[in-house]
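In mature numbering (1 follows the signal peptide of the UniProt record, and there is no 0), the protein residues as written are -27 to -1, 1 to 358.
Even glycine gets a Cβ: it sits at the ideal position worked out from N, Cα and C.
Values in this document were obtained by computation on a predicted structure and should not be read as measured data.
Worksheet: one structure, shown below.
In structure tokens form, the structure reads like this:
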């Protein structure tokens, strides 16, 4: 049985993955989002030629509410470029909404055969990646966001001091209490885990990186999952929050084997819970296992990726894993081969074989082979032994 994120807001977005033996669950940081986005294969340049941008196309912009459009203007993106030598540079910048496109600034000029990965911190825009082709494609019109975002040099007028009349009947006390009354719930989830399913039941845990409540005694959580193509959600029961570990735990019952489910709702006190996309991505990578075996007889290595449960959410030819193969000969000579593998290449449960015969001369030469600089979606991952 699998739990999958609602495709209405999942698509390629990383969202939240719940990993357990035989079960995968994916939740959303934007479960109510209706934004449909696509990363264009065209880039953009600034008018001075010094800044470079990736371009998201908002496919259903005309159908979005005013609130959704406003949210699109305030999204931060983590954009990373990984070179052919497996060196990564990244930047965290606010996107620029122009018409039905969002421009995301890159850390530098993109080059052919590099890997681009972009993560939206809000989750409204799906996480995307692409392998840059040999023929770099730039849109005709150039942009000039630096000038538009430069602060105005005109001094702001100083407001006149406000004079207030003294209040009677405890008016000053009410004013002092006002900041307290205006507090709001402010929570951010950063990880999710799920146990092995036994007797159609599993336990689920959601951890939080931020947990501030307007009323410390009010913690009304709702967590629901739903079977794909169904309309009857399964609500988690026995939800309990542990303040020391900032963890919400609960029980999911009535789960069927070999069935895909979607997490359709996660709210606190009636409001949707947001997720930290970057922290969630790190948690996915932490759960994943990368194996490498070297067959000295046929001079091939086998690369196998396991427990990376969001792999199917990416495009078939999207680069997902990058690494270096270090080939050390007994005489001290070291060769390094850089590899970038796509989703399709990693789907085989038996792994992917890479032939190194052309790098190993002589039948009786002793070689030691190891993986270095392995990155899963630009997050470091260790090779299992």
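- Query: For residue 32, does the three-state DSSP call read helix, strand or coil?
  - Reply: Taking the chain shown and counting its residues from 1, the one referred to as residue 32 is at position 59. In the displayed model, residue 32 falls within coil according to three-state DSSP, outside both helix and strand.
- Three or more C-beta pairs closer than 8 Å, one from the region 11 to 30 and one from the region 65 to 79: is that the case here? When C-beta atoms of the region 11 to 30 are compared with those of the region 65 to 79, three or more pairs fall below 8 Å, so the two segments count as touching.
- Pick from 73, 67 and 89: whose alpha carbon is nearest that of residue 55? The residue given as residue 55 occupies position 82 in the chain shown. Of the candidates 73, 67 and 89, the one whose C-alpha sits nearest the C-alpha of residue 55 is 89.
- Query: Do residue 327 and residue 312 have their C-beta atoms within less than 8 Å of each other?
  - Reply: On the chain shown, position 354 is the one that residue 327 refers to. On the chain shown, position 339 is the one that residue 312 refers to. For the 8 Å CB-CB criterion, residue 327 and residue 312 form a contact.
- Query: Taking the C-alpha atoms as reference points, what is the distance between residue 98 and residue 302?
  - Reply: What you label residue 98 is simply residue 125 of the chain shown in a count that begins at 1. What you label residue 302 is simply residue 329 of the chain shown in a count that begins at 1. Cα-Cα distance, rounded: 47 Å.
- Query: Which residues share a DSSP beta bridge with residue 223?
  - Reply: Against the chain shown, residue 223 aligns to sequence position 250. DSSP lists 177 as partners of residue 223.
- So what does DSSP say about residue 41, is it helix, strand or coil? The residue labelled residue 41 in the question sits at position 68 within the chain shown. In this structure, residue 41 counts as helix in the three-state DSSP scheme.
- Do three or more CB pairs link the region 58 to 69 to the region 9 to 19 at distances below 8 Å? When C-beta atoms of the region 58 to 69 are compared with those of the region 9 to 19, fewer than three pairs fall below 8 Å, so the two segments do not count as touching.
- Item | Neighbourhood of residue 206 by C-beta, 8 Å cutoff - its chain only, sequence neighbours within 5 removed | Numbered from its first residue, the chain shown carries residue 206 at position 233. The beta carbon of residue 206 sits closer than 8 Å to those of 197, 198, 199, 237 and 238, all from its chain and outside the five residues before and after it, given in chain order.
- Message: Give me the DSSP bridge partner(s) of residue 160.
- Response: Within the chain shown, the letter at position 187 stands for residue 160. Residue 160 pairs with 184.
- Task: Could you tell me which residues DSSP puts in a beta bridge with residue 299?
- Result: Residue mapping note: residue 299 aligns to position 326 of the chain shown, counting from 1. Answer by DSSP bridge pairing, in chain order: 309 and 343.
- Item | Own chain residues within Cβ distance below 8 Å of residue 177, not counting five before or after | As a working note, residue 177 is residue 204 in the chain shown. The beta carbon of residue 177 is closer than 8 Å to those of -10, -3, 165, 166, 167, 168, 196, 209, 222, 223, 224 and 225 in its chain, skipping five residues each way along the sequence.
- Task: Kindly identify the DSSP beta-bridge partner or partners of residue 265.
- Result: Translated into positions along the chain shown, residue 265 becomes position 292. Residue 265 is bridged by DSSP to 276.
- Could you please give the first and the last residue of the uninterrupted beta strand (DSSP E) stretch that includes residue 101? Position 128 of the chain shown holds residue 101. 101 to 104 is the extent of the beta strand (DSSP E) around residue 101.
- Message: Which residue marks the beginning of the beta strand (DSSP E) containing residue 93, and which one marks its end?
- Response: The count along the chain shown starts at 1 and reaches residue 93 at position 120. First-last of the beta strand (DSSP E) with residue 93: 88 to 93.
- Item | C-alpha distance - residue 184 paired with residue 213, whole-angstrom precision | As a working mapping, residue 184 is identified with position 211 in the chain shown. As a working mapping, residue 213 is identified with position 240 in the chain shown. Whole-angstrom Cα-Cα distance: 14 Å.
- Starting from residue 198, follow the alpha helix (DSSP H) in both directions and report where the run begins and ends. Locating residue 198 in the chain shown gives position 225, counting from the first residue. For residue 198, there is no enclosing alpha helix (DSSP H); the enclosing beta strand (DSSP E) covers residues 194 to 200.
- Using 10 angstroms around the beta-carbon of residue 35, count the other beta-carbons present and answer buried if the total reaches 16, otherwise exposed. In the chain shown, counting from the first residue as 1, residue 35 sits at position 62. Residue 35 comes out exposed.
- Query: How about residue 92 and residue 118: are their beta carbons less than 8 Å apart?
  - Reply: To locate residue 92, count along the chain shown from 1; it is residue 119. To locate residue 118, count along the chain shown from 1; it is residue 145. With respect to the 8 Å criterion, residue 92 and residue 118 are not classified as neighbours on the basis of their beta carbons.
- Message: By the DSSP assignment, the beta strand (DSSP E) with residue 77 in it spans what residues?
- Response: Taking the first residue of the chain shown as position 1, residue 77 is located at position 104. Residue range 74 to 78 is occupied by the beta strand (DSSP E) that includes residue 77.
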